[in-house]
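Numbering (my numbering), first residue to last: 9 to 607. Just so it is clear, CB atoms sit at the ideal spot from N, CA and C, and this is done for glycine as well. None of the values given here were measured: they were computed from a predicted structure.
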């Protein structure tokens with residue numbers, strides 16, 4: 009049976025939805041804009057003065073003591089014209105105009121006041137004049153504070169209404185000090201190319217070339233430290249303006265300033281020089297910018313910031329270098345001299361030249377270079393030393409020398425230890441300073457011959473090995489490679505031995521390193537090599553032997569064995585890990601039974 013009422017219900021639902029949508033649209037398109045417009049009109053009507061801050065060309069703040077007159081230089085810059093000609097503080101000027109532009113009145117006190125003196129408006133404490141681009145001049149008279157709150161009685165110059173403004177006097181009553189630019193030196197840090205210091209008769213300078221700084225054309229400067237210094241200087245402000253046009257600088261100690269800071273840019277701009285004079289007790293220091301007439305007062309922190317020494321700016325990076333340009337490294341102590349040379353054929357490989365000729369452990373050499381790159385100076389002690397013997401640097405305890413392709417070699421000299429033995433005195437090439445570095449940094453850099461030697465016993469390419477023979481006193485296992493698989497050929501034949509036994513043996517042999525060289529060497533009987541515990545031989549192809557290691561008996565309490573490799577006369581000790589990785593019975597070679605779900 010068809011429900012004839014269903015279409016009617018559906019049409020009713022559509023009609024109700026349309027009505028609802030219409031109501032929503034009317035609210036958002038008509039009511040909301042109307043409410044917003046009413047709110048804006050109410051806000052405008054409640055404003056004390058109608059103007060836009062960017063339309064203000066000049067403004068005056070007139071109080072009983074003085075007239076403050078500011079004129080706009082550019083969209084964000086202002087200058088003072090009265091009572092002195094000077095740069096204005098743009099932030100204070102912008103804040104003053106913003107507060108005035110947004111200020112409202114809470115009520116009209118009188119529509120036509122007969123006696124303005126009642127509200128302090130006959131002789132107002134403040135008169136504000138705004139000169140606008142298109143609206144001419146607007147003036148606001150500011151009278152007394154309301155007795156019950158901090159609001160102010162105000163009056164527009166073209167009306168008789170007395171209004172109660174929701175403003176605080178501090179928002180409008182600005183002083184010359186408030187509105188004056190109190191920055192000492194205006195500059196952009198990235199544009200400074202030279203910084204000159206003259207402190208108590210001594211002088212030095214920092215010079216920038218691109219992003220690199222030099223100290224007196226000698227030591228390398230710490231870029232971060234110098235940037236931080238410039239930022240601090242830029243942020244310092246005048247504490248007090250003392251004398252706008254002094255007859256003499258002598259009473260301020262500025263005829264012969266104790267400190268002088270000069271900043272020069274790379275362009276044609278004139279240098280900016282800051283002079284520091286005598287101290288005003290508990291107040292600060294007198295000072296002035298050399299190109300300006302007025303004398304000001306600085307806080308003591310500025311003087312502390314300027315009281316720098318060259319060592320304060322020296323880079324604490326011990327040595328900067330390009331790793332791929334280093335050709336040799338020398339490590340010299342009182343007892344030993346080690347010389348390591350980079351291979352010309354393979355830049356990743358190094359060899360020992362002194363005190364023995366041997367391949368070097370490239371990983372250890374790389375680690376040494378990383379430690380050298382990361383090494384830092386802890387503290388600079390002296391800028392120049394006439395008697396290096398005082399620090400043990402006349403005949404240094406240790407010397408690290410780095411030879412660089414196409415450049416002069418660089419050397420680090422290590423002298424005496426500090427009293428707490430946590431640091432050592434040191435000096436370096438191209439730098440006349442004496443500094444301290446951590447003792448553990450020295451330990452990281454001066455590796456032992458044992459650490460630097462390549463301790464691998466066998467050298468071969470795993471993919472080239474096709475036969476492995478593992479021999480015990482009572483049995484032997486021979487594996488041969490066919491394609492990618494290993495097969496056991498004796499003591500019995502097993503096609504495709506389980507897992508990766510062949511590859512695991514080769515991996516263990518290739519990574520095998522000796523722990524020590526036995527000196528003097530023991531004979532075969534004493535070392536157990538006369539009747540070996542095990543020996544492993546590998547071949548390239550079927551006939552070309554690639555290497556052989558013979559393992560003797562244990563060395564003693566340690567988990568080590570004596571060992572010797574073919575082609576070397578030394579007797580070594582090795583860890584037991586090799587023996588643990590070698591197969592000892594046939595079961596190791598046999599396939600594991602298949603595992604799967606039980607049916």
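DSSP, read as helix, strand or coil, puts residue 436 in strand.
Here residue 146 is near residue 138, since their CB atoms are less than 9 Å apart. Under the Cβ criterion (8 Å, minimum of three pairs), the region 118 to 130 counts as touching the region 155 to 168. DSSP lists 580 as the bridge partner or partners of residue 525.
DSSP places residue 56 in the coil class of the three-state scheme, outside both helix and strand.
Residue 268 carries a strand assignment under DSSP once its states are collapsed to helix, strand and coil.
Burial is judged here by how many other beta carbons sit within 10 angstroms of a residue's own beta carbon; residue 547 has at least 16 and is buried. When secondary structure is reduced to three states using DSSP, residue 195 falls in the coil class, being assigned neither helix nor strand. Secondary structure note for residue 97: it is in no alpha helix (DSSP H), with a DSSP letter that is neither H nor E. Residue environment for residue 572: buried (at least 16 other C-beta atoms within 10 angstroms of its C-beta).
Around the beta carbon of residue 497, a 10 Å sphere encloses fewer than 16 other beta carbons of the protein chains shown; the residue is thus reported as exposed.
When secondary structure is reduced to three states using DSSP, residue 104 falls in the helix class. Excluding five sequence positions before and after residue 338, the CB atoms of its chain that fall closer than 6 Å to its own CB belong to 347, 409, given in chain order.
The DSSP assignment places complete beta strand (DSSP E) segments of no fewer than 3 residues inside the region 63 to 88 at 64 to 70, 75 to 82, in order along the chain.
Listed in chain order, the beta strand (DSSP E) elements of length 3 or more contained wholly in the region 273 to 361 are 280 to 288, 292 to 297, 303 to 306, 334 to 341, 345 to 350. The three-state secondary structure of residue 251, taken from DSSP, is strand.
The three-state reading of DSSP puts residue 397 in helix, counting H, G and I together. Annotated as distal: residue 489 and residue 598, with beta-carbon spacing of 9 Å or more.
Counting along the chain, no alpha helix (DSSP H) covers residue 157, and no H or E run does either. Counting only the Cα atoms, residue 221 lies some 56 Å from residue 554. When C-beta atoms of the region 514 to 530 are compared with those of the region 548 to 568, three or more pairs fall below 8 Å, so the two segments count as touching.
Within its own chain, the residues whose Cβ lies closer than 7 Å to the Cβ of residue 332, once the five positions on either side in sequence are excluded, are 355, listed in chain order. Residue 187 and residue 297 have their C-alpha atoms some 19 Å from each other. DSSP, read as helix, strand or coil, puts residue 531 in coil. According to DSSP, residue pairing for residue 24 in a beta bridge does not occur. In summary, residue 294 is buried, with 16 or more beta-carbon neighbours lying within 10 Å of its beta-carbon over all protein chains present. In the structure shown, residue 415 adopts coil according to DSSP, grouped into three states. A contact between stretches requires three or more CB pairs, one per stretch, nearer than 8 Å, and the region 532 to 547 fails this requirement with the region 444 to 460. Our two residues, residue 454 and residue 513, have alpha carbons roughly 35 Å apart in a direct line.
Ranked by Cα distance from residue 403, the options 418, 384, 433, 427 are led by 433. Under the criterion of beta carbons closer than 8 Å, residue 521 and residue 464 qualify as touching, at roughly 6 Å. For residue 585, the uninterrupted alpha helix (DSSP H) segment begins and ends at 585 to 589. DSSP, read as helix, strand or coil, puts residue 454 in coil. For residue 372, the secondary structure class from DSSP, reduced to helix, strand or coil, is helix. Boundaries of the beta strand (DSSP E) harbouring residue 543: 542 to 548, taken from the DSSP string. Taking C-beta atoms as the reference points, residue 318 and residue 227 count as a pair closer than 9 Å.
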